[in-house]
Every structure is written in C-alpha cells, then in structure tokens.
Amino acid sequence: EPEVTQTPSHQVTQMGQEVILRCVPISNHLYFYWYRQILGQKVEFLVSFYNNEISEKSEIFDDQFSVERPDGSNFTLKIRSTKLEDSAMYFCASSWGTRQETQYFGPGTRLLVL
Amino acid sequence: KNEVEQSPQNLTAQEGEFITINCSYSVGISALHWLQQHPGGGIVSLFMLSSGKKKHGRLIATINIQEKHSSLHITASHPRDSAVYICAVNYGGSQGNLIFGKGTKLSVKP
Numbered sequence: 305e306p307e308v309t310q311t312p313s314h315q316v317t318q319m320g321q322e323v324i325l326r327c328v329p330i331s332n333h334l335y336f337y338w339y340r341q342i343l344g345q346k347v348e349f350l351v352s353f354y355n356n357e358i359s360e361k362s363e364i365f366d367d368q369f370s371v372e373r374p375d376g377s378n379f380t381l382k383i384r385s386t387k388l389e390d391s392a393m394y395f396c397a398s399s400w401g402t403r404q405e406t407q408y409f410g411p412g413t414r415l416l417v418l
Numbered sequence: 149k150n151e152v153e154q155s156p157q158n159l160t161a162q163e164g165e166f167i168t169i170n171c172s173y174s175v176g177i178s179a180l181h182w183l184q185q186h187p188g189g190g191i192v193s194l195f196m197l198s199s200g201k202k203k204h205g206r207l208i209a210t211i212n213i214q215e216k217h218s219s220l221h222i223t224a225s226h227p228r229d230s231a232v233y234i235c236a237v238n239y240g241g242s243q244g245n246l247i248f249g250k251g252t253k254l255s256v257k258p
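In the order they appear, the protein sequences are chains A and B. Numbering-wise, the numbering used here comes out as the position in the first sequence, counting from 1, plus 304. Numbering-wise, the numbering used here comes out as the position in the second sequence, counting from 1, plus 148.
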C-alpha cells in the first residue's frame, strides 16, 4: 500500500542552524501539508501546497519557514534559523483532493533544537 | 475562533468494554476526521465524515451536523486499541488544512 515517507526520523540541531525536513508524498496525490506537534500538545497546521505554490498557511508559518517541491517526488520544509521553540514532531501529509478527502500522514520527523 | 473540543481527555477501559469518544466543533465544516496516534507518534486516518455514520470493523463514527458533534465508538475494546484518538475538522472556508482537537488518550487493560 502506498505511504508517505519522511526523512530524517530524528534530527538534533543547534539554535540558529538551518534544517530541511524531507517528505515523499503518495505519488498520485495533488495536495501536500506540513503539520507540527510540540510535545504534549495538539497537532497544528503549518502550510498547505498545491500546484507548486502555497495555498494556505497558518500564523506559525512565518518568514523562517519555507516549502518547496524541488522535483516530482520530494516535498521539503526548511526552517532557516531554528529556535528552541521549533522543537517538535513535524508531520507531512498528502491527499488527492482538499476539503473532503482523507489525508495520509508520514511517520514524522522529531526535531530537537538545542 | 475555530475550536475542536474532545472528551474525555483520558479514558481507561477494561478489555471488551464499549467505548465512546466525543468531539464538538464551533462553526460549519466540510468534513470531520477521526485519527489514531500510536505511542511512537505516527498518525493514521480512521474515518472521514461529512454526514451520517461510517463503520470499519469494530470502529463506528457518527456525526450530527446540526448539533456540531461527532462520536467515535469502539466495540469489544482490546488492549491493542490503546492509543490517542484525535478529532480534526476541515472548516468550510479552508483549503483542506485540518484543525485538531487535543486528543483522547485511551488505555484498554486486559
């Protein structure tokens, strides 16, 4: 069964460093999402992406964040200058459509900023 | 503000018990999702509902659009059902992004 994959599974970085989190969505899906979950808190929406551009983003997704689909398969989230409060689990998801479609989640990348 | 509220926050049950988890939301939605988060963190989609009722194995999900309320039921619960169950919604004006509840942590004892 097709699945969303994410790499790395864990990343430790120093405050101020750039990190790139990678996702490979399910191949025929058209919509891509990043969510994050700070330890002990609920999952929060960061950004959605369709047709090679951002379709929606939350207040969390400020200028430090960017997303890209550099080729036909990868979908990346870049954090330019990490802060301690960026420590979280980051989930990528993909779906075929938008409002009434199941989203398929990747296993997550656990990011720790020291 | 668009909110998703779940109850209870924590639930402990004996194996075999019938379990109900509730979700309420504040404004009109296009769809409601029930998700399962395993102890390792992975999230799996269980149901996507826009009306009525869906059943998959021992899991049943219902939604009442007028009352802005949904329930997830687990029949004949088993220790392997132990997980966090999360309700999430697509609000009508969104482009598909999900707004999540805080989750219900279920522990089923043998």
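Virtual Cβ for every residue (Gly too), placed ideally from N, Cα, C.
None of the residues of the region 205 to 216 of chain B has a beta carbon lying less than 9 Å from any beta carbon of chain A. Per DSSP, the beta-bridge partners of T311 (chain A) are A:R326. Where K382 (chain A) is concerned, the enclosing beta strand (DSSP E) starts and stops at 379 to 383. Counted as a single uninterrupted DSSP element, the beta strand (DSSP E) harbouring E372 (chain A) occupies residues 369 to 372. Excluding sequence positions up to five before and after D390 (chain A), its CB lies within less than 7 Å of the CB of I383, L415, V417, all in the same chain and listed in chain order.
Counting of Cβ neighbours within 10 angstroms places T252 (chain B) among the buried residues, the total reaching 16 or more.
The beta carbon of V347 (chain A) sits closer than 6 Å to the beta carbons of Y339, Q341 from its chain, once the five residues preceding and following it are set aside; these are given in chain order. In the DSSP assignment, R414 (chain A) falls within the beta strand (DSSP E) that extends over 413 to 417. Taking 8 Å as the CB threshold, V308 (chain A) stays off the interface with chain B. The C-beta separation of G249 (chain B) from A236 (chain B) comes to about 7 Å, placing the pair in contact by the 8 Å criterion. Counting other Cβ atoms within 10 Å of its Cβ, S377 (chain A) stays below 16 and is therefore classed as exposed. Between the alpha carbons of I208 (chain B) and E165 (chain B) lies a distance of about 14 Å.
Look at the region 396 to 414 of chain A: the residues with a C-beta under 9 Å from a C-beta of chain B are A397, S399, G401, T402, R403, Q404, E405, T406, Q407, Y408, F409, G410, P411, G412, R414.
Taking 7 Å as the cut-off between beta carbons, the residues of the region 353 to 386 of chain A near chain B are S359, E360, in sequence order. Here G205 (chain B) is exposed: its Cβ has fewer than 16 other Cβ atoms, across all protein chains shown, within 10 Å. Listed along chain B, no residue sits closer than 7 Å to V417 (chain A) by beta-carbon distance, the nearest being about 18 Å off. Only exposed fits P312 (chain A), as fewer than 16 other CB atoms lie within 10 angstroms of its CB.
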